[in-house]
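Each residue of the sequence shown is one higher than the one before, counting from 929 in the working numbering.
Cβ coordinates follow ideal geometry from the N, Cα and C atoms, glycine included.
Since we're looking at a predicted model, the values are computed, not measured.
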Amino acid sequence: MKSNYKKLGGYIRQVDKRNAEGKEENLLGVSVQKKFIPSIANTNGTDFTKYKIVKKRQFTYIPDTSRRGDKIGIALLKEYDEGLVSNIYTVFEIVDGKQLIPDYLMLWFSRPEFDRFARFKSHGSVREVMDWDELCNVELPVPSYEEQLEIVNAYQAIADRISIKQKINDNLAA
929 MKSNYKKLGG YIRQVDKRNA EGKEENLLGV SVQKKFIPSI ANTNGTDFTK YKIVKKRQFT
989 YIPDTSRRGD KIGIALLKEY DEGLVSNIYT VFEIVDGKQL IPDYLMLWFS RPEFDRFARF
1049 KSHGSVREVM DWDELCNVEL PVPSYEEQLE IVNAYQAIAD RISIKQKIND NLAA
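Structure follows, in structure tokens:
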């Protein structure tokens, strides 16, 4: 089974594009539910040119794991074409979408086993972090593009059904 496991570092690269124009729209944070959320930070007097730009289909992760209840904050941007994140966050992208599908990688990051592994690999005294090098050394199964797509589509079909059933339950409860 481990024969198709590959180090993540061969598939991803950091992106460090700063908000040189000083835009103030779509300021985002990353939740422990592994989703982007609108930032609740007080931005009065903030220099937005220091913020990083994250684009659709790019990831953002927060290396600090010490205050997140045994979870690592990591998310794939899907809802917006572009957003702004703190300069302390790490933005990265997949080098070749035909080798590794972003949605497949996000499914891997969403597993409880990944959170446990991230906490295990975190280091530091006051603030524990899982740094970029540790993230790049993560090994995961990388099946063919077609198999990845099949997994992503199957997961999405199940997630859609759950969402529909939840809406039905909410309507019945109302």
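Out of the options, which has the shortest C-alpha to C-alpha gap to residue i?
{"i": "V960", "options": "R1039, K984, I1079, Y939", "result": "R1039"}
{"i": "Q942", "options": "W1060, N970, F1042", "result": "W1060"}
{"i": "P991", "options": "K1093, G937, G1052", "result": "G1052"}
{"i": "Q986", "options": "L1033, R1044, N1099, K1095", "result": "L1033"}
{"i": "I1000", "options": "L1063, A969, K1095, N1099", "result": "L1063"}
{"i": "D1031", "options": "N1097, I1079, N932", "result": "I1079"}
{"i": "E953", "options": "T971, D1024, I1096", "result": "T971"}
For residue i, which residues in the same chain have their Cβ closer than 8 Å to its Cβ, ignoring the five residues on either side in sequence?
{"i": "Q1027", "result": "Y939, V1070, Y1073"}
{"i": "K984", "result": "L1005, K1006, Y1008, D1009, E1010"}
{"i": "Y979", "result": "R946, N947, L955, L1012, V1013, S1014, N1015"}
{"i": "D998", "result": "D1043, R1044, R1047"}
Taking 7 Å as the limit between beta carbons, can you name the residues of its chain near residue i, skipping five residues before and five after?
{"i": "M929", "result": "With a pLDDT of only 49 at M929, under 50, the local geometry of the prediction cannot be trusted, and the value read off the model is given with reservation. None."}
{"i": "T993", "result": "I1000, A1046, R1047, S1050, E1056, V1057, M1058"}
{"i": "Q1094", "result": "none"}
Which residues in the same chain as residue i place their Cβ atom closer than 6 Å to its Cβ, once the five residues preceding and following it in sequence are excluded?
{"i": "V982", "result": "T988, L1005, G1011, V1013, V1019"}
{"i": "W1036", "result": "L1068"}
For residue i versus residue j, is the C-beta distance shorter than 7 Å?
{"i": "K934", "j": "N1065", "result": "no"}
{"i": "G957", "j": "F976", "result": "no"}
{"i": "Q1076", "j": "I1022", "result": "no"}
Which residues bound the alpha helix (DSSP H) around residue i?
{"i": "E1075", "result": "1073–1101"}
{"i": "Y933", "result": "It is not in any alpha helix (DSSP H) - Y933 instead sits in the beta strand (DSSP E) that spans 933–935."}
{"i": "E1041", "result": "1040–1049"}
{"i": "N1032", "result": "For clarity, residue 1032 is Tyr in the given sequence; the question names Asn instead. Here the alpha helix (DSSP H) through Y1032 covers 1030–1037."}
From which residue to which residue does the beta strand (DSSP E) around residue i run?
{"i": "P966", "result": "964–966"}
{"i": "L1012", "result": "1010–1013"}
With 7 Å as the threshold, decide whether the Cβ of residue i is near any Cβ in chain D.
{"i": "V1070", "result": "Looking for chain D here will not work: only one protein chain is present."}
- prompt: How about the region 1041–1058 and the region 963–972: do they share at least three Cβ pairs that are nearer than 8 Å?
  reply: no
Inter-stretch contact (C-beta, 8 Å, three-pair minimum) for the region 1005–1021 and the region 1076–1096: no
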